[in-house]
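What follows is one structure encoded as structure tokens, with my remarks underneath.
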Amino acid sequence: MTPAGRRIVAAAEELFYSRGITAVGVDLIAEHSGVTKRTLYNQFGSKDHLVTACLTERDQRWRSLVRAAVDASDTPAEAVTAPFEALRTWSETNTRGCAFINALAELPDPSHPAHRVAAAQKLWLLNLFEELAATAGCSHPATLATRLLVLHEGALALQPLPVDSLPESTDLARMLVRSGMRPRH
37 MTPAGRRIVA
47 AAEELFYSRG
57 ITAVGVDLIA
67 EHSGVTKRTL
77 YNQFGSKDHL
87 VTACLTERDQ
97 RWRSLVRAAV
107 DASDTPAEAV
117 TAPFEALRTW
127 SETNTRGCAF
137 INALAELPDP
147 SHPAHRVAAA
157 QKLWLLNLFE
167 ELAATAGCSH
177 PATLATRLLV
187 LHEGALALQP
197 LPVDSLPEST
207 DLARMLVRSG
217 MRPRH
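Numbered per the numbering used here, the sequence shown finishes at 221, counting up by one with no gaps.
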């Protein structure tokens with residue numbers, strides 16, 4: 037990506053997150069990124085492709101943070117709840133909830149490329165929870181993964197409110213993991 041393309045993505049991502057995807061036009065993005073609309077369209081072709089690029093960049097940063105949290109875990113059981121620890125770090129600078137949930141709400145058409153990126157991000161996290169639960173020896177890893185995703189996404193959805201639900205969600209996640217551990221013989 038060119039330097040102008042990176043500036044466009046950075047400005048667009050901030051605007052989409054703070055104001056909403058559908059509320060932000062390309063004029064405002066061009067103004068905030070210091071480029072012309074022509075440059076924006078030359079770089080991305082359309083607003084839809086720009087939204088997709090922004091969500092893809094955000095998804096890569098999120099996955100890297102989660103992978104680092106998983107890798108830093110001392111035990112396989114601790115790794116299962118590592119995405120909650122990653123969310124704690126992520127939430128220090130992202131306080132308006134989940135950009136992917138917001139995108140799914142604003143772009144309900146499953147064929148929209150940005151909708152597909154947002155949906156894939158959620159399915160990736162679900163699959164990661166299941167893989168980590170299986171590795172940790174939890175019984176019913178798919179069921180546990182779904183429950184953990186519900187807790188994780190609930191904490192994200194409540195983020196804009198003056199309710200810090202992440203500590204409770206993390207504690208519940210740890211309880212679920214402990215209760216799902218198979219006894220070792």
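C-beta: ideal position from N, C-alpha, C; glycine also.
| What do you get for L168, buried or exposed, if any count of 16 or more other CB atoms within 10 angstroms of its CB means buried? | Against the sequence shown, residue 168 aligns to sequence position 132. Buried, because 16 or more other Cβ atoms sit within 10 Å of the Cβ of L168.
| said: Classify P119: buried if its beta carbon has 16 or more other beta carbons within 10 angstroms, exposed otherwise. | reply: Here the question's residue 119 lines up with position 83 in the sequence shown. Per the 10 Å Cβ criterion, buried.
| Cβ-based burial, V116 [other Cβ within 10 Å; buried from 16] | As a working mapping, residue 116 is identified with position 80 in the sequence shown. Burial call: buried.
| message | Using CA atoms only, rank isn't needed, just tell me which of H68, T72, G41, L91 is closest to L140. | response | Position 104 of the sequence shown, counted from the first residue, corresponds to residue 140. Residue L91 is the option with its Cα nearest to L140.
| task | For C174, name the three-state secondary structure that DSSP assigns. | result | Along the sequence shown, one-based indexing puts residue 174 at 138. Of the three classes helix, strand and coil, the one that applies to C174 here is strand, per DSSP.
| field | Proximity of H68 and L86 at Cβ, strictly below 8 Å | value | Translated into the one-based positions of the sequence shown, residue 68 becomes position 32. Translated into the one-based positions of the sequence shown, residue 86 becomes position 50. Their beta carbons are not under 8 Å apart, which means H68 does not touch L86 by this criterion.
| query | Between the region 70-78 and the region 131-147, do at least 3 Cβ pairs fall closer than 8 Å? | reply | no
| message | Closer than 8 Å is the cut-off here; do at least three beta carbon pairs connect the region 209-217 with the region 144-163? | response | no
| query | Do P196 and R97 have their C-beta atoms within less than 8 Å of each other? | reply | Taking the first residue of the sequence shown as 1, we reach residue 196 at position 160. Taking the first residue of the sequence shown as 1, we reach residue 97 at position 61. Result no, Cβ atoms of P196 and R97 do not sit closer than 8 Å.
| task | Return the Cβ separation of A40 and V71 in integer angstroms, given the expectation that the two are a contact with Cβ distance under 8 Å. | result | On the sequence shown, position 4 is the one that residue 40 refers to. On the sequence shown, position 35 is the one that residue 71 refers to. Right, their Cβ atoms sit about 5 Å apart.
| Cβ neighbours of V62 in the same chain (closer than 7 Å, five flanking residues each side left out) | Position 26 of the sequence shown, counted from the first residue, corresponds to residue 62. The residues are K73, L76, K83.
| task | Could you spell out the range, first to last residue, of the alpha helix (DSSP H) harbouring I57? | result | As a first step, residue 57 is located in the sequence shown; it is residue number 21 there, counting from the start. Neither: I57 is in no alpha helix (DSSP H) and is coded neither H nor E.
| said: Distance check for Y53 and R124, CA to CA, integer angstroms please. | reply: Taking the sequence shown and counting its residues from 1, one reaches residue 124 at position 88. Taking the sequence shown and counting its residues from 1, one reaches residue 53 at position 17. Going from the Cα of R124 to the Cα of Y53 covers about 18 Å.
| task | Tell me whether V199 is buried or exposed, calling it buried when 16 or more other Cβ atoms sit within 10 Å of its Cβ. | result | As a working note, residue 199 is residue 163 in the sequence shown. Counting Cβ neighbours within 10 Å, V199 comes out exposed, since fewer than 16 surround it.
| request: Could you say which of E166, T171, S175 lies nearest to L184 if we only look at CA atoms? | output: As a position in the sequence shown, residue 184 is number 148, starting the count at 1. Checked all of E166, T171, S175; the closest Cα to L184 is E166.
| If you run the structure through DSSP and keep just helix, strand and coil, what is M37? | Position 1 of the sequence shown holds residue 37. DSSP places M37 in coil when its eight states are reduced to three.
| said: By the DSSP assignment, the alpha helix (DSSP H) with L208 in it spans what residues? | reply: For the purposes of this step, residue 208 is taken as residue 172 along the sequence shown, with counting starting at 1. Segment 202-216, the alpha helix (DSSP H) holding L208.
| task | Consult DSSP for G70 and reduce its assignment to one of helix, strand or coil. | result | Looking up residue 70 in the sequence shown gives position 34. The answer is coil: DSSP assigns G70 none of H, G, I, E or B.
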